[in-house]
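There are 2 protein chains.
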Amino acid sequence: MTRPGLGRERARTLARTMERDIGLGHLAPGEWLKQVDLEARYGATRMEVRQALDRLVEKGLVKHLARRGYRVEDFDPERQAQIMEVRAILEAAAADQVIGLLDEATLAAMEVQAERFRANVLDGTVEEQEEANLEFHRLMLAPCPNRELVALLFDLRGRVPVAVTRRRNTVGLLQRAAEHHFEIIRLVRARDATGLARLMRVHNLTPKAPDVG
Amino acid sequence: MTRPGLGRERARTLARTMERDIGLGHLAPGEWLKQVDLEARYGATRMEVRQALDRLVEKGLVKHLARRGYRVEDFDPERQAQIMEVRAILEAAAADQVIGLLDEATLAAMEVQAERFRANVLDGTVEEQEEANLEFHRLMLAPCPNRELVALLFDLRGRVPVAVTRRRNTVGLLQRAAEHHFEIIRLVRARDATGLARLMRVHNLTPKAPDVG
DNA sequence: GGCTCCTGTATTGGCGCCAATTTATGTGCC
DNA sequence: GGCACATAAATTGGCGCCAATACAGGAGCC
Numbered sequence: 655m656t657r658p659g660l661g662r663e664r665a666r667t668l669a670r671t672m673e674r675d676i677g678l679g680h681l682a683p684g685e686w687l688k689q690v691d692l693e694a695r696y697g698a699t700r701m702e703v704r705q706a707l708d709r710l711v712e713k714g715l716v717k718h719l720a721r722r723g724y725r726v727e728d729f730d731p732e733r734q735a736q737i738m739e740v741r742a743i744l745e746a747a748a749a750d751q752v753i754g755l756l757d758e759a760t761l762a763a764m765e766v767q768a769e770r771f772r773a774n775v776l777d778g779t780v781e782e783q784e785e786a787n788l789e790f791h792r793l794m795l796a797p798c799p800n801r802e803l804v805a806l807l808f809d810l811r812g813r814v815p816v817a818v819t820r821r822r823n824t825v826g827l828l829q830r831a832a833e834h835h836f837e838i839i840r841l842v843r844a845r846d847a848t849g850l851a852r853l854m855r856v857h858n859l860t861p862k863a864p865d866v867g
Numbered sequence: 655m656t657r658p659g660l661g662r663e664r665a666r667t668l669a670r671t672m673e674r675d676i677g678l679g680h681l682a683p684g685e686w687l688k689q690v691d692l693e694a695r696y697g698a699t700r701m702e703v704r705q706a707l708d709r710l711v712e713k714g715l716v717k718h719l720a721r722r723g724y725r726v727e728d729f730d731p732e733r734q735a736q737i738m739e740v741r742a743i744l745e746a747a748a749a750d751q752v753i754g755l756l757d758e759a760t761l762a763a764m765e766v767q768a769e770r771f772r773a774n775v776l777d778g779t780v781e782e783q784e785e786a787n788l789e790f791h792r793l794m795l796a797p798c799p800n801r802e803l804v805a806l807l808f809d810l811r812g813r814v815p816v817a818v819t820r821r822r823n824t825v826g827l828l829q830r831a832a833e834h835h836f837e838i839i840r841l842v843r844a845r846d847a848t849g850l851a852r853l854m855r856v857h858n859l860t861p862k863a864p865d866v867g
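Here the protein sequences come in this chain order: A and B. In this text, residue positions in the first sequence follow the numbering used here: the first is 655, and each later residue adds one. In this text, residue positions in the second sequence follow the numbering used here: the first is 655, and each later residue adds one.
Encoded structure:
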């Protein structure tokens, strides 16, 4: 069944899966995460569930109450805003690092994702929107030589559940974010570093709806 | 013996202790971390050791080889430099946030630690240097409203083992870092935001000896 | 009727055992 | 003497059991 040494890896992926489910709201804030339920739901062993929960606690997505269990952390808007601010800072710095490294082929690929995101804003699930958005930024950060910076950015992304903040996003704000993507591409092509840094900040810190990054 | 629900907390503190021991070089890079040895050394149970190791793997301080064991990660200078760069970015941003919030009492306390650090550069253990250094920055970041930013900065601090990089630091470079501390205080008093941001960058990215932050 | 206490049930959490596998040791052979 | 192979020891890693504790439901009491 479970081959030796693979439990670690399985727990890892389980944690990622649960992280996404929390982000998408399938596991609602305040909800109790009973170990037996999680075993059944994800087809995992008890130990894998425990390790995954432990990681999510470490990331601040899940709260642990001794002898009571685990529950999905309810999201303090202020804390979320702080995380978004950190993201904005790093995203601006990362943009500065890749502005001279993005070739035309990558920019074209980014444009495709920008189109996809814009289309999904109107008629598309949150998952589809998020996939396009994620891929856009993944492409953009791919040439960044500082892998730690990139890894940290994606880690921070996982700490801000889309479902929660996206709830506050009107279609208008999402459209604005969609247009940002095209503007980003334009500024990279123009090699306008200061303009890009400013836009990355705005893109991450859209007033009262800080999530679409 | 072990009271219920405390295992988690103990594993947490054990991870922190081991993290410091790795940072100080008491656990050398490449060294095998046998679970029985760790049990004996830290007076912990098997499970606590496992959880602690798991966390250190997650942080990138320890490498796990299936069915072989855990060993202290040997530190890629490039990766370290990347982490230091992230720290420099965030430290500059944090400085900008606290420059208007630091009162004279705190600045005086910082000055004490700056003196302590300078003294320990000449005759003092690495531990003493690091304690003064840490306290200086702790005081400086205390009024920062973005707690996530501060938490992340201290987390990043733990990922760069002082012993390893400090090895490259000549006394001259350490003294330069010590003077930086006084310069930081001066710039905060003068409310020179741009100068402070620049200095925080330099302070973190001292050429070829990027560790003293 | 409502409050309290008590019992039964569900859930978590730690501990120990044992299998799988790797490393070290010793023996025979070339 | 050195190499290959078999055997023994050591180590990790997963699984299951059971104690400790919290929660739910019901009975008894005021």
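Using N, Cα and C, we set each Cβ at its ideal position, and we do this for glycine too. This one's a predicted model, so the numbers in the text were calculated from it and none came from an experiment.
Checklist entry - For VAL740 of chain A, which residues in chain B fall below 9 Å Cβ to Cβ? => result LEU744, ALA747, ASN800, GLU802, LEU803, LEU806
Item to check | Bounding residues of the beta strand (DSSP E) (the contiguous stretch that carries GLY723 of chain A) | outcome: 723-726
Next on the checklist: Using a Cβ-Cβ distance cut-off of 9 Å, determine whether GLU712 of chain B contacts chain A.
Outcome noted: yes
Item to check | Test: ILE753 of chain B CB closer than 9 Å to a CB of chain A | outcome: no
Checklist entry - Who does HIS902 of chain B pair with in a DSSP beta bridge? => result Residue 902 of chain B lies beyond the range of chain B shown here (655 to 867); nothing can be said about it.
Next on the checklist: Taking 8 Å as the cut-off, is the C-beta of LEU719 of chain A nearer than that to any heavy atom in the ligand FMN?
Outcome noted: For the structure depicted, the ligand FMN is absent and the ligand set is empty, with no information on it obtainable.
Checklist entry - What residues are listed by DSSP as bridge partners for LEU687 of chain B? => result Beta-bridge annotation (DSSP): LEU687 of chain B is paired with B:TYR724.
Next on the checklist: Does any residue of chain A have a CB that is nearer than 9 Å to the CB of GLN689 of chain B?
Outcome noted: no
Item to check | Spatially closest choice to ALA796 of chain B from B:VAL814, B:ALA832, B:ALA763, by CA coordinates | outcome: Per the Cα distances, B:ALA763.
Checklist entry - Which chain B residues sit within Cβ distance under 7 Å of ILE737 of chain A? => result Here the neighbours are GLU802.
Checklist entry - For VAL825 of chain A versus LEU776 of chain A, is the C-beta spacing smaller than 9 Å? => result yes
Checklist entry - Any beta-carbon of chain A closer than 9 Å to the one on HIS619 of chain B? => result Not covered by the structure: residue 619 of chain B. The range shown for chain B is 655 to 867.
Next on the checklist: So LEU627 of chain A and ILE753 of chain A are supposed to be a Cβ contact under 8 Å. How far apart are they, rounded?
Outcome noted: Coverage of chain A is limited to positions 655 through 867, which leaves residue 627 of chain A absent and any answer about it impossible.
Checklist entry - What are the residues of the segment 694-713 of chain A that lie near chain B, defined by any Cβ-Cβ distance shorter than 9 Å? => result Hits within the stretch, in order: GLN705, ASP708, ARG709, VAL711, GLU712.
Next on the checklist: Quick check on VAL814 of chain A: does DSSP put it in helix, strand or coil?
Outcome noted: coil
Item to check | For ALA768 of chain A, the nearest candidate out of A:VAL804, A:ALA720, A:ALA832, A:PHE808 (CA to CA) | outcome: A:ALA832
Item to check | For MET738 of chain A and VAL740 of chain B, the rounded distance between their alpha carbons | outcome: Straight-line Cα distance between these residues: approximately 16 Å.
Next on the checklist: To be precise: take each residue of the segment 786-799 of chain A, compare its Cβ to all Cβ atoms of chain B, and keep it if any distance is under 9 Å. Which residues remain?
Outcome noted: PRO799
Item to check | Rounded separation between ARG840 of chain A and ARG855 of chain A - CA only | outcome: 16 Å
Checklist entry - Checking contacts by CB at 9 Å: is ALA863 of chain A closer than that to chain B? => result Note that ALA863 of chain A scores a pLDDT of 47, beneath 50, so its modelled location is shaky; the value from the coordinates is reported in the next line. By this cut-off, ALA863 of chain A is not an interface position.
Next on the checklist: I need the boundaries of the alpha helix (DSSP H) containing PHE790 of chain B, first residue and last residue.
Outcome noted: It spans 780-795 - the alpha helix (DSSP H) in which PHE790 of chain B sits, taken as one unbroken run.
Checklist entry - Would VAL703 of chain A pass as a contact of TYR696 of chain A if the rule is Cβ separation under 9 Å? => result yes
Checklist entry - So is ALA665 of chain B buried or exposed if we call it buried at 16+ other beta carbons inside 10 Å? => result buried
Checklist entry - Can you tell which of A:ALA748, A:GLY714, A:ALA773 has the C-alpha that lies nearest to the C-alpha of LEU806 of chain B? => result It is A:GLY714.
Checklist entry - In terms of residue numbering, what span does the alpha helix (DSSP H) encompassing PRO731 of chain B cover? => result 731-752
Next on the checklist: In the DSSP assignment, the alpha helix (DSSP H) including ASP708 of chain A goes from what residue to what residue?
Outcome noted: 700-713 is the extent of the alpha helix (DSSP H) around ASP708 of chain A.
Item to check | Inter-residue Cα distance where the pair is ASP728 of chain A and THR667 of chain B | outcome: 25 Å
Checklist entry - Can you find a CB in chain B that lies within less than 9 Å of the CB of ARG890 of chain A? => result Examination of residue 890 of chain A is not possible in this model, given that chain A is present from 655 through 867 alone.
Item to check | Pairwise C-alpha distance: GLU802 of chain A and GLY684 of chain B | outcome: 21 Å
Checklist entry - Any idea what DSSP makes of VAL845 of chain B, helix, strand or coil? => result Checking the sequence shown, residue 845 of chain B turns out to be Arg, not Val. Three-state DSSP puts ARG845 of chain B in coil, outside helix and strand.
Checklist entry - From GLU693 of chain A to PRO731 of chain A, what does the alpha carbon distance come to, in whole angstroms? => result 31 Å
Next on the checklist: Let me make sure I understand the geometry here. Which of A:GLU785, A:PHE836, A:HIS857, A:PRO799 has the alpha-carbon closest to that of GLY677 of chain A?
Outcome noted: Looking at A:GLU785, A:PHE836, A:HIS857, A:PRO799, the one whose alpha-carbon comes closest to that of GLY677 of chain A is A:GLU785.
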